[in-house]
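Numbering (this note's numbering), first residue to last: 9 to 331.
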Amino acid sequence: MRSPAARGLAVAFVLPWLLWAAVRVFGWDAGYPLVPAISFTPYVAVASVLPLAGGILVRSRLAVALALVAVTAFAAVLLPRGLSGSTPTTAAGPVLRVATMNLYFGQADTDAVIRLVDARAVDVLALQELTPEALERLLEGGISELLPFQVVSPEARSAGGGGLFSRFPLTESASASGEGLFQQPGAAIDVPGAAALTVTSVHAFPPATTPASVRQWTADLAALPPARSGDGLSLLLGDFNATLDHAALRDVLGAGYADAASRVGMGWTLTWCGNDALPGLTIDHVLVPEPVAVESFDVATVAGTDHRFVTAVLRLPGFAALA
9 MRSPAARGLA
19 VAFVLPWLLW
29 AAVRVFGWDA
39 GYPLVPAISF
49 TPYVAVASVL
59 PLAGGILVRS
69 RLAVALALVA
79 VTAFAAVLLP
89 RGLSGSTPTT
99 AAGPVLRVAT
109 MNLYFGQADT
119 DAVIRLVDAR
129 AVDVLALQEL
139 TPEALERLLE
149 GGISELLPFQ
159 VVSPEARSAG
169 GGGLFSRFPL
179 TESASASGEG
189 LFQQPGAAID
199 VPGAAALTVT
209 SVHAFPPATT
219 PASVRQWTAD
229 LAALPPARSG
239 DGLSLLLGDF
249 NATLDHAALR
259 DVLGAGYADA
269 ASRVGMGWTL
279 TWCGNDALPG
289 LTIDHVLVPE
299 PVAVESFDVA
309 TVAGTDHRFV
319 TAVLRLPGFA
329 ALA
């Protein structure tokens, strides 16, 4: 086990983890199949202890050194999302409770969604994969009594519909859909005592199966509005079909956003439950402009969908903070 051949095998064994870490750190995840693969970086990171243990077992200094480089790189990019960040001092305005949910072709239990909206005093709800049937169930269940202002674009028998529901008045604004295949409605929201604010229900195309799907996903993320435009701020809520390990999502963050879950040390929280073939992922996000503080983040399971109900409590900046 400690022969030159064994040590050579130990070095070869560590190379896939080292290459994966390099792709993640340097943002080389462009195209198919790298984009869907990089989603599973947290699981690969956990498994990186295997080549480290192998190097120690055969006493290969080179294998141990390379494995430590990979482990350190993974730790550097993954650990921060589990640590609470700082709260912006400019966020002294009203509290806004936001939520997002992918309804899975409209099949989610809409009564459960309404109960969660009520129990968590949600002010703004972003829905993806909203169908006419799901919208009808929501309306019949009393969603308008809780969130009377709505901008909705349901689509029948597809994953393309989307909607915004709000306690405060909404004025429909430019959609982020562009030439995308999914509806991504946007609206200005009039929150008393807060700076000008727009909100978008995000649903990027899943980059899961083909190079064309990756190109569409990349275009969808690139079309999202910046966090700040003039004196106004933008909130992005929804199913990005992207994790923080995707360079394309980090580019969105680079436009002035922060991930709400990571702000409060919950960036590892799974929002997509996985299936028989794949483990869970964190692909649903609440992205907030830097001046917005995050007070809490939570998820809940809803029957009928493979996504979780995501909630964040935000503290908005007041008028004077952005003057």
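All residues carry an ideal CB built from backbone N, CA and C; glycine is no exception. Keep in mind the model is a prediction, meaning the values are calculated, not measured.
| field | For asparagine 110: DSSP bridge partner residues | value | By 1-based counting over the sequence shown, the position of residue 110 is 102. Among the bridge pairs identified by DSSP, asparagine 110 is matched with Gln136.
| Alpha carbon of leucine 146 to alpha carbon of threonine 319, nearest angstrom | Taking the first residue of the sequence shown as position 1, residue 146 is located at position 138. Taking the first residue of the sequence shown as position 1, residue 319 is located at position 311. Each residue's alpha carbon lies about 18 Å from the other.
| request: Go through its chain and collect everything with a Cβ distance to isoleucine 46's Cβ below 7 Å, but skip five positions before and after it. | output: If you number the sequence shown from 1, residue 46 lands on position 38. These residues qualify, in order along the chain: Val31, Arg32, Asp37, Asp253 and His254.
| What distance in whole Å lies between the Cβ atoms of leucine 104 and valine 125, which are believed to be in contact at a cut-off of 8 Å? | Sequence index remark: in the sequence shown, residue 125 carries index 117 (1-based). Sequence index remark: in the sequence shown, residue 104 carries index 96 (1-based). Contact annotation, valine 125 with leucine 104: C-beta distance approximately 14 Å; criterion of less than 8 Å not satisfied.
| query | When you compare only the Cα positions, how much space is there between leucine 138 and valine 160? | reply | Translated into positions along the sequence shown, residue 138 becomes position 130. Translated into positions along the sequence shown, residue 160 becomes position 152. For leucine 138 and valine 160, the distance between alpha carbons rounds to 8 Å.
| said: Please give me, in chain order, every unbroken run of the alpha helix (DSSP H) with length at least 4 that falls completely inside the segment 210-236. | reply: DSSP runs (the alpha helix (DSSP H)) wholly in the segment 210-236: 219-230.
| request: Could you check which residue in Pro88, Thr309, Gln136 and Ser56 has the C-alpha nearest to that of asparagine 249? | output: Here the question's residue 249 lines up with position 241 in the sequence shown. If you compare the alpha carbons of Pro88, Thr309, Gln136 and Ser56 with that of asparagine 249, the shortest gap goes to Gln136.
| CA-CA distance, proline 219 and alanine 71? | Taking the first residue of the sequence shown as position 1, residue 219 is located at position 211. Taking the first residue of the sequence shown as position 1, residue 71 is located at position 63. Rounded to the nearest angstrom, the two C-alpha atoms are 34 Å apart.
| query | Would you say the beta carbon of alanine 99 comes nearer than 7 Å to a heavy atom of the ligand MN? | reply | Absence of the ligand MN from the depicted structure is noted, as is the absence of any ligand whatsoever, leaving it without description.
| message | I need the straight-line Cα distance from valine 307 to aspartate 247, nearest angstrom please. | response | Locating residue 307 in the sequence shown gives position 299, where the first residue counts as 1. Locating residue 247 in the sequence shown gives position 239, where the first residue counts as 1. Near 14 Å, if we compare the C-alpha coordinates of aspartate 247 and valine 307.
| message | Using CA atoms only, rank isn't needed, just tell me which of Asp119, Gly264, Phe157 and Ala18 is closest to aspartate 131. | response | For the purposes of this step, residue 131 is taken as the residue at position 123 of the sequence shown. Checking every option, the nearest Cα to that of aspartate 131 belongs to Phe157.
| Candidates Leu205, Thr226, Ala227 and Ser221, of which the one nearest leucine 244 by Cα | Within the sequence shown, numbered from 1, the residue matching residue 244 stands at position 236. It is Leu205.
| If you drop the 5 nearest sequence neighbours on each side, which residues of the same chain put their C-beta closer than 8 Å to that of leucine 76? | Locating residue 76 in the sequence shown gives position 68, counting from the first residue. Spatial neighbours of leucine 76 in its own chain (CB-CB distance under 8 Å, excluding positions within 5 residues in sequence) are listed in chain order as Leu60.
| said: So if DSSP puts arginine 165 in a beta bridge, which residue, or which two residues, is it bridged to? | reply: Position 157 of the sequence shown, counted from the first residue, corresponds to residue 165. Paired residues: none, contrary to the question.
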